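This report concerns only the one structure given below.
Protein chains: 2
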Amino acid sequence: MSSSARAKRAAAEDRLDLVFHALSDRTRRDLLARLAVGPAMVTELAAPFAMSRIAVSKHLKVLERARLVVRAIDGRVHRCSLAAAAPQDVERWLGHYRAFWHDTLGALARYVERDEKNGRE
Amino acid sequence: MSSSARAKRAAAEDRLDLVFHALSDRTRRDLLARLAVGPAMVTELAAPFAMSRIAVSKHLKVLERARLVVRAIDGRVHRCSLAAAAPQDVERWLGHYRAFWHDTLGALARYVERDEKNGRE
DNA sequence: GCAATATGAAACCATTTGGTTTCCTATAAT
DNA sequence: ATTATAGGAAACCAAATGGTTTCATATTGC
């Protein structure tokens, strides 16, 4: 149980790595913005950018790994769309800091405390 | 005006790059968590980690560049603390996606629209 | 069947990243 | 004055990033 909890925690950390890294690139944020308007295929997504289609394709893969984007393959067309579900772990993580920034300190301190108990490393 | 608006926007984008990148590393997130408990000097911050002080120092520099952490030099001691102010741009950015994920689509579409008008690129 | 299209795979390249170790410089403390 | 302490700087290294180009593979349209 403690071991599975640790495993789950490690996975959540990985997800945070993936999501934050995915968001740290302007091109990828632009792709998300475009996808927010509606689904699109890869070529369509790549068109507005001053870089090769392959480069955009790689960015899409990063977004997919972070599970921010999903892809439905239909014949030769790959239709990409924003993942419907919010990244809960990210929201949760940021929530603690928002609490800190807004009402100064309490919530995050509690978070860290809980964290220690939960057998971090 | 439109040129200065563009410049400001580019700066905001850079900030997003910096902040998201800073958050994409587990060590750095752990540092933030530690700092949320209270200010600390570099050696103190480095102690719990299985890496050199210099490595932690570099991570701190990344957090500083993203303006998530500030440093007050007092004699030979560098006292680091969480930046008091929330990264507004980040909050704003995420806010739009939160809106999308929660009430599906509307807010983000509006965001993108406004974005186009505001002379992106 | 054949040409055009949508896409990925592989190999490559320069730069950045996350680490290290080995110095060097201030400031304290005794 | 000497020694211990807090810290950065520089040089280095392996691995990951963000690009590229070239080639390969399905699918679709005629």
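Protein chains in written order, with the numbering used here: chain A, 258 to 378; chain B, 258 to 378.
Think of the CB as a built atom: it goes at the ideal place given N, C-alpha and C, for glycine as much as any other residue.
Quantities reported herein were computed from a predicted structural model and do not represent experimental measurements.
1. Quick one: which chain B residues come within Cβ less than 7 Å of Leu302/A?
2. What distance in whole Å lies between the Cβ atoms of Leu325/B and Ala293/B, which are believed to be in contact at a cut-off of 8 Å?
3. Taking only the alpha-carbon atoms, compute the straight-line gap between Cys337/A and Thr300/A and give it to the nearest angstrom.
4. Going along chain A in order, which residues have a C-beta closer than 8 Å to the C-beta of Arg380/B?
5. Compare the Cα-Cα distances from Arg379/B to each of Met298/B, Leu317/B, Pro305/B and report the closest residue.
6. Quick check on Glu378/A: does DSSP put it in helix, strand or coil?
7. Please list the terminal residues of the continuous alpha helix (DSSP H) segment that includes Ser338/B.
8. Expressed to the nearest angstrom, what Euclidean distance is found between the alpha-carbon atoms of Ala303/B and His278/A?
9. If we define contact as Cβ-Cβ less than 8 Å, is Leu280/B a contact residue for chain A?
10. Can you check whether the CB of Val319/B is closer than 8 Å to the CB of Arg285/B?
11. Identify each residue in the region 316-337 of chain A for which the Cβ-Cβ distance to at least one residue of chain B is less than 7 Å, and report them in chain order.
12. Tell me whether Ala323/A is buried or exposed, calling it buried when 16 or more other Cβ atoms sit within 10 Å of its Cβ.
13. Out of Phe306/A, His316/A, Pro296/A, Ala312/A, point me to the one whose CA is closest to Leu275/A's CA.
14. Do you know how far the Cα of Ala341/A is from the Cα of Ala329/B?
15. Would you mind telling me which residues of chain A sit closer than 7 Å to Phe306/B, beta carbon to beta carbon, in chain order?
16. For Ala307/B, count neighbouring C-beta atoms within 10 Å of its own C-beta (all shown protein chains included) and say buried if the count is 16 or more, exposed if not.
17. Can you grab the Cα-Cα spacing for the pair Leu289/B / Ser314/A, in whole Å?
18. How would you call Asp287/A, buried or exposed, if buried means at least 16 neighbouring beta carbons within 10 angstroms?
19. Anything in chain B within Cβ reach of Arg349/A, meaning under 9 Å, just list it in chain order.
20. Can you name the residues of chain B whose CB is closer than 9 Å to the CB of Arg283/A?
21. Using the C-alpha atoms, what's the distance from Gly295/A back to Arg310/B?
22. So what does DSSP say about Arg328/A, is it helix, strand or coil?
23. Going by DSSP, what residue range makes up the alpha helix (DSSP H) through Ser314/B?
24. Alpha carbon to alpha carbon, how far is Ala312/B from Asp331/A?
25. Can you name, in chain order, every residue of its own chain whose Cβ lies under 8 Å from the Cβ of Trp350/A, other than the five neighbours on each side?
A quick look at the data gives this:
1. Locating residue 302/A in the first sequence gives position 45, counting from the first residue. Neighbours of Leu302/A on chain B: none; closest Cβ ~14 Å, over 7 Å.
2. In the second sequence, residue 293/B corresponds to position 36, counting from 1. In the second sequence, residue 325/B corresponds to position 68, counting from 1. Rounded, the Cβ-Cβ distance is 11 Å, inconsistent with contact.
3. Position 80 of the first sequence, counted from the first residue, corresponds to residue 337/A. Position 43 of the first sequence, counted from the first residue, corresponds to residue 300/A. Distance between the alpha carbons of Cys337/A and Thr300/A: 11 Å.
4. Nothing can be reported for residue 380/B: it is not among the residues displayed for chain B, which extend from 258 to 378.
5. Here chain B covers residues 258 to 378 and nothing more, so residue 379/B does not appear.
6. The residue you call residue 378/A lines up with position 121 of the first sequence. Since pLDDT at Glu378/A reaches only 34, below the 50 mark, its modelled position is unreliable, and no value is offered.
7. Taking the first residue of the second sequence as 1, we reach residue 338/B at position 81. Taken as a continuous stretch (DSSP letters only), Ser338/B belongs to no alpha helix (DSSP H), being part of the beta strand (DSSP E) at 334-339.
8. Here residue 303/B corresponds to residue number 46 of the second sequence, with the count starting at 1. Here residue 278/A corresponds to residue number 21 of the first sequence, with the count starting at 1. The alpha-carbon atoms of Ala303/B and His278/A are separated by roughly 23 Å.
9. Taking the second sequence and counting its residues from 1, the one referred to as residue 280/B is at position 23. Closer than 8 Å to some Cβ of chain A, the Cβ of Leu280/B qualifies, so yes.
10. As a working note, residue 285/B is residue 28 in the second sequence. As a working note, residue 319/B is residue 62 in the second sequence. Cβ atoms of Arg285/B and Val319/B: closer than 8 Å.
11. none
12. The count along the first sequence starts at 1 and reaches residue 323/A at position 66. Per the 10 Å Cβ criterion, buried.
13. For the purposes of this step, residue 275/A is identified with residue 18 of the first sequence, where counting begins at 1. Taking only the C-alpha atoms, the option nearest Leu275/A is His316/A.
14. Numbered from 1 along the second sequence, position 72 holds the residue referred to as residue 329/B. Numbered from 1 along the first sequence, position 84 holds the residue referred to as residue 341/A. Spanning the two alpha carbons is a distance of roughly 43 Å.
15. Here residue 306/B corresponds to residue number 49 of the second sequence, with the count starting at 1. None at all; the shortest Cβ gap to chain A is about 10 Å.
16. Numbered from 1 along the second sequence, position 50 holds the residue referred to as residue 307/B. It is exposed - the Cβ of Ala307/B has fewer than 16 other Cβ atoms within 10 Å.
17. Along the second sequence, read from residue 1 onward, the residue named residue 289/B stands at position 32. Along the first sequence, read from residue 1 onward, the residue named residue 314/A stands at position 57. Using only the alpha carbons, I get a separation of about 33 Å.
18. Counted from its first residue, the first sequence places residue 287/A at position 30. Classification for Asp287/A: buried.
19. As a first step, residue 349/A is located in the first sequence; it is residue number 92 there, counting from the start. The premise fails here: Arg349/A is roughly 12 Å from chain B at the closest Cβ pair, so nothing lies under 9 Å.
20. To locate residue 283/A, count along the first sequence from 1; it is residue 26. Going along chain B in sequence order, the residues near Arg283/A (Cβ under 9 Å) are Glu270, Asp271, Leu273, Asp274.
21. Mapped onto the second sequence, residue 310/B falls at position 53. Mapped onto the first sequence, residue 295/A falls at position 38. So the two alpha carbons sit approximately 47 Å from each other.
22. Translated into positions along the first sequence, residue 328/A becomes position 71. In the structure shown, Arg328/A sits in a strand (DSSP, three-state: E or B).
23. Here residue 314/B corresponds to residue number 57 of the second sequence, with the count starting at 1. Residues 310-322.
24. As a working note, residue 312/B is residue 55 in the second sequence. As a working note, residue 331/A is residue 74 in the first sequence. Roughly 47 Å between the two C-alpha positions.
25. As a first step, residue 350/A is located in the first sequence; it is residue number 93 there, counting from the start. Excluding sequence neighbours, Trp350/A sits near Leu273.
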